[in-house]
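Have a look at the structure below, then the notes.
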Amino acid sequence: YSFFPILVVLSKLGFIKSKKKEITETINLIEEKSRIYSNPEHEENLAYKIAVRIAGSIPFIYSSGKFDAVAVRWACQIEENAKMLAHFNIFPELNHNEIVGWSGEVEGSVKELMNKISVVILRDECEYERIKYRIEITDDLIRPYAGEVLNIYSEGKSTLARLFSQIYLGDWVSFYLAILNKVDPTPVKPIEYLKSELAKV
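Under the UniProt record's numbering, the very last position in the sequence shown is 201; numbers go up by exactly one each time.
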């Protein structure tokens, strides 16, 4: 809620160019998606469809560095709202180490657990060509082992709209995961317990 006022203030002060057009596009896009995502029976409800496909798994959220904050947001919202573990990593960093963990060389229970992982790759039409190629190769490598691999593209013309289209989608995915997990998305008991214990120190 504080993001857009800050953006407007920075624009008024002359620190950045006016983002009025981008903000208007973003608001219109979010309002449109709100009508769709709030109805689980809507045939275009991508949030519900994603939640159904990754329910019962451990979600790994991957993105390019440009969308790193969005990947973090997805993982955090899933953990907080759906009360389940989630993991995130960023291209190209995940190609340095994590990709080796997807080699499938370890047999037995470890390999079986890989099938309980669902990978959501947050994509953007404006990805650098080299990043796009990295993602495609990584997709090919992990697909035989992961339970699900989903490539989810941002929507909108401006960078701002595309970023918020992914953020908003992730928030709704976490909500529907909570419903599918049969948990209330609002309480955060472990955080409350942690705060109460820290207050004693």
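We treat Cβ as the ideally placed atom computed from N, Cα and C, and that holds for glycine.
Rounded to whole angstroms, the separation of the alpha carbons of residue 165 and residue 46 is 12 Å.
The shortest C-alpha to C-alpha distance from residue 124 to any of 181, 110, 143 and 152 is the one to 152. The beta carbons of residue 177 and residue 82 sit about 4 Å from each other, so the pair counts as a contact at 8 Å.
A direct Cα-to-Cα measurement between residue 105 and residue 144 gives close to 12 Å. For residue 76, the closest alpha carbon among the candidates 67, 86 and 186 is that of 86. Partner residues in the beta bridge of residue 148, as assigned by DSSP, are 118. At least 8 Å separates the beta-carbon of residue 146 from that of residue 26. Between the beta-carbon of residue 65 and that of residue 90 there is about 5 Å, and that keeps the pair under the 8 Å contact cut. Inclusion of residue 120 and residue 54 in the CB contact set at 8 Å is warranted, their separation being smaller than that value. With a 10 Å radius around the Cβ and a threshold of 16 neighbouring Cβ atoms, residue 51 comes out buried. As computed with DSSP, residue 61 is found in a beta bridge with 88 and 120. Between residue 60 and residue 99 the beta-carbon gap is near 12 Å, outside 8 Å, which marks them as no contact. Rounded to the nearest angstrom, the gap between the Cα atoms of residue 181 and residue 57 is 11 Å.
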